[in-house]
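Residue numbers (the working numbering): 598 to 1386.
Positions of the beta carbon are idealized from the N, C-alpha and C atoms, including for glycine.
Everything numeric in this text was worked out from a predicted model, so none of it was measured.
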Amino acid sequence: MTTETGIGAAVKRREDFRFLTGRGTYTDDINRPHQAYGYILRSPYAAAQIAAIDTSKAKAAPGVIAVLTGADYDKGGLPCGWQIHSKDGSPMIEPAHPPLCKDQVRHVGDQVALVVAETYAEAKDAAELIEVDYKELPAIISTAKAGEPGAPQVWPEAKNNVCFDWHIGDKSATDAAFAKAHHVTKIDLVNQRLIPNAMEPRSAVGDYDRATGDYTLYTTSQNPHVIRLLMGAFVLQIPEHKLRVVAPDVGGGFGSKIFHYAEEALVTWASGKVGRPIKWTAERSEAFISDAQGRDHVSHAELALDKDGRFLGLRVNTIANMGAYLSTFAPCVPTYLHATLLAGVYTTPAIYAEVKAVFTHTVPVDAYRGAGRPEATYLLERLVAKAAREMQMDQVEIRRRNFIPKDAFPYQTPVALQYDSGDYEATLDLALEMSKWSDFENRRAEAAKRGKLRGIGISTYLEACGIAPSAVVGSLGARAGLYESGSIRVHPTGSVTVFTGTHSHGQGHETTFAQLVSDGLGIPLENVEVVHGDTNKIPFGMGTYGSRSLSVGGSALVKAMDKIIAKATKIAAHLMEAAAGDVEFKNGNFTVKGTDKSIPFGQVALTAYVPHNYPITELEPGLEETAFYDPLNFTYPGGTHICEVEIDPETGVTQVVNFTAVDDVGRVINPMIVEGQVHGGLAQGIGQALLERCVYDEDSGQLLTGSYMDYTMPRADDLPSFQVATHATMCTHNPIGAKGVGEVGAIGSPPAVINAVIDALAPLGVEDISMPATPLKVWQAIQSAPKKM
Ligand code: MCN
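Below you can see the structure in the form of structure tokens.
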């Protein structure tokens, strides 16, 4: 059913009223009776031994309830949720990850002590009185240099700072492809480290109830059940029925709130210790040194081509920075999310990739919007653009010539993934038309008259998301299944409460999931409410990341609806004195096929709760069903992004003047929300390409970009009015036909922007520029260019 509010309708987000009028309830809005406040003392050094800690003055300070250090902490360390094996079969190095450091600190911001006081200000003031005797050690910061002999060691057990040295693909087939190549294009790339900046900083309230022995953690999380599992089972050893995790409204996560953080464990543990609820909320500058950071790859790649520009083989060598500790999903990012995507949308027959993960004295690195897939796409689309320039081929033609054709699906790549559907030519054609590609040279010439350098860049990308099939991710090293759950409770009057294991923190699930269910059950949208984010209310669920919520969580709801309809059909058949097989359900009505006998869903719902009206012994009263959905495969959105820039050679400032995105996200539930998701992703991708970069001082390990004075976030005037469209090929293995949309913007856009910048500078003989293409870098490239304007 497609109605004004059903699947395909651009319904406004029902969450917006509460978010836009300040009525949301975020973790920091939660206040428990007798609540105390926590402040974390953090390391000012990147690497140092802790010779001694004296907390006596802090303990005597006004309002202080407790000062807790690593010596007081008697529970487990933070676990890593993913296990990778090196090429030689040895397991990755998984160092200890204590919530409070005892003997040594390993990055600026590492947790040293928790001060609990009556007020936040008292806790913070008291923390200044803690005397820590640090013996500073040499630090290693550089991703490229971490593995060099003689570099300072982060962990004694990780020789040369190597966490794992992994590979994928067929090396000899790839060597053979290079041996017969007509041309080889080589590229060296840095995918710079980014700092995620959700609008709401992280926050956690731990609340131990002495009367019941129950713990409750309110936290800024994208996946409350995963936090309960990791914290309860591995860190604090609290049985799950005594631990409730609530993730209320969350002001954005972009991946950085998937992980289990030290502060969550600390406030929960300390609440039990001091017998008071404890709230901790990060200050913005604290977020810069304690939220897991993103990207940070250094890669060398080579593409072998035949004389017609067909790709024969791809070789990739990536060094990935893990930071000082392994964050929850870190090992999976450069391996199964990055290297398995290196076929992209192309028929490259032989691929071989090596990934070396290294430890450094920096904040841990983990998933950040796109996680591994922006890195792969950037590498591939920069390489393809360079190959086209070297072979004097058209940027569009080289891509077309190598696309996986639309009739080749399912398509098995040489790097593990099997794509289910796609039509890359169609998204390309539409994007070329929308961006007026063929007319670009006129615009370039017109800009030149104004003294501006204009360029155009293209990226034809692919994403693997909807994470995903438990069997596959389990065999790849995940330590938990990645299915999703959903429950549908039909109330006697026919209204419905939906319980989902996913978590919405800006993606609009309360709207789109309600659309899905109202459409499926043929009931008004306002009769459906969506509940998420509380382990005491929802079935065990895996949460939100990897653009999985609709394709996996939505499919669980479809499965639960199927069960509801199957039961309701039996009740309806009884009421209409027909055989269940003769009753069909359509648009909210049960009808005896071929007759005008029909009853609405609401009447059947009421009957389900009044069983004397349907004396069918095999049916239980009530109408409520739960389903778990474990998909057969990932989903594979893909598309074409085209960016047009104008550079002012006097200042080096790059202005994105046009940006076109055509994305295939399968069946769309809500085009307005899909468009919003693409806009947000593009803003982040353009931010990475032009503005954002996390910089540590290479000697001291101090974060030099620790505030918005130094770390440049994209603002509205950095972005054009986007032209976006979708072109759908259906996902073939989930019941909705949907692919993910949450990350596509951030994946496809960075290479489109940089390819455009290089195209603008190409007339001056500039062939390369790294991200972010800041005004200084672009101006310097123009000044040192082989040709003058
Ligand atoms: N949708 C749709 N039709 C489709 C696909 C999706 O209508 N074919 C809708 C969904 O129903 C959902 C939204 O679009 O309302 C996003 O769906 P999906 O692609 O399944 O992604 P998730 O809901 O799993 O969200 C995760 C994704 C990720 S991985 C990051 S990172 C990210 C993103 O979403 N973080 C975000 N978008 C964000 N948006 C906001 N505002 N804040 C974040 O932190």
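Environment of K870 [buried if 16+ CB atoms lie within 10 Å]: buried
Beta-carbon spacing of S1304, S640 below 8 angstroms: no
Exposed unless 16 or more other CB atoms sit within 10 angstroms - verdict on K1156: buried
Backbone secondary structure at N1230 - three-state DSSP: coil
Cutoff 8 angstroms; reference Q1320; Cβ partners in own chain excluding five residues on either side: M1031, S1032, N1255, F1256, T1257 and A1258
G1263 burial status per 10 Å Cβ neighbour count (16 or more: buried): buried
At least 3 beta-carbon pairs within less than 8 angstroms: the region 607-623 vs the region 818-837: no
Helix, strand or coil at E868 according to DSSP, with G and I counted as helix: Note that residue 868 is Ser in the sequence shown here, rather than Glu. Helix.
Extent of the continuous beta strand (DSSP E) to which I1161 belongs: No beta strand (DSSP E) holds I1161; the alpha helix (DSSP H) holding it covers S1152 to L1172.
Neighbour-count burial assignment, Y893, 16 or more Cβ in a 10 Å radius: Per the sequence shown, residue 893 should be read as Asp rather than Tyr. Buried, because 16 or more other Cβ atoms sit within 10 Å of the Cβ of D893.
Coarse secondary structure for L840, derived from DSSP in three states: strand
7 angstroms CB neighbourhood of L1220 in its chain, flanking five on each side removed: V1087, I1161, K1164, A1165, A1202 and A1205
L1027 vs H1324 beta-carbon contact at 8 angstroms: yes
Beta-carbon proximity of M1269 to K756, cut-off 8 angstroms: no
Same chain, Cβ closer than 6 angstroms to F926, neighbours up to 5 away in sequence not counted: G678, W679, D963 and A964
Close-in-space but distant-in-sequence residues of the same chain around T1099 (CB under 7 angstroms, 5 per side omitted): E1081, H1106, H1129, G1138, G1140, T1141, S1146 and G1150
Straight-line Cα distance separating I1135 from G1084: Inspection of the sequence shows that residue 1084 is occupied by Ser rather than by Gly. The straight-line gap from Cα to Cα measures roughly 8 angstroms.
Exposed unless 16 or more other CB atoms sit within 10 angstroms - verdict on T957: buried
Length at least 3, wholly inside the region 1310-1336: the beta strand (DSSP E) runs in chain order: 1320-1323
C-beta contact flag for G848 and L840 at 8 angstroms: no
Endpoints, beta strand (DSSP E) assigned at L1358: Counting along the chain, L1358 falls outside any beta strand (DSSP E), though it belongs to the alpha helix (DSSP H) covering V1341 to L1358.
Three or more C-beta pairs below 8 angstroms linking the region 763-774 and the region 907-917: yes
contact_flag[the region 685-702, the region 656-674] where n(CB pairs < 8 angstroms) is 3 or more: yes
Contact belief for V1069 with P1234 at Cβ below 8 angstroms, rounded distance in angstroms: 18 angstroms between Cβ atoms; not a contact.
Uninterrupted alpha helix (DSSP H) stretches inside the region 731-772 (no shorter than 4 residues): none
Host beta strand (DSSP E) of I650 (start-end): A645 to D651
Proximity of T1109 and I1283 at Cβ, strictly below 8 angstroms: no
Candidates V955, G603 and V729: closest to I737 by CA position: V955
Chain-order list of residues whose beta-carbon lies under 7 angstroms from that of V1292 (same chain, five-residue window excluded): L1301 and T1302
Inter-residue spacing [alpha-carbon to alpha-carbon] between D1193 and P1218: 27 angstroms
Three-state secondary structure assigned by DSSP to L900: strand
Residues of its chain near D700, where Cβ-Cβ distance is below 8 angstroms and the 5 sequence neighbours each way are ignored: Q646, I647 and G667
Exposure of M796, with buried meaning 16 or more beta-carbon neighbours within 10 Å: exposed
The ligand MCN heavy atom lying under 7 angstroms from the CB of E1340: yes
Distance cut-off 7 angstroms: N1230 Cβ against heavy atoms of the ligand MCN: no
Segment limits, alpha helix (DSSP H) that includes N1039: F1037 to K1046
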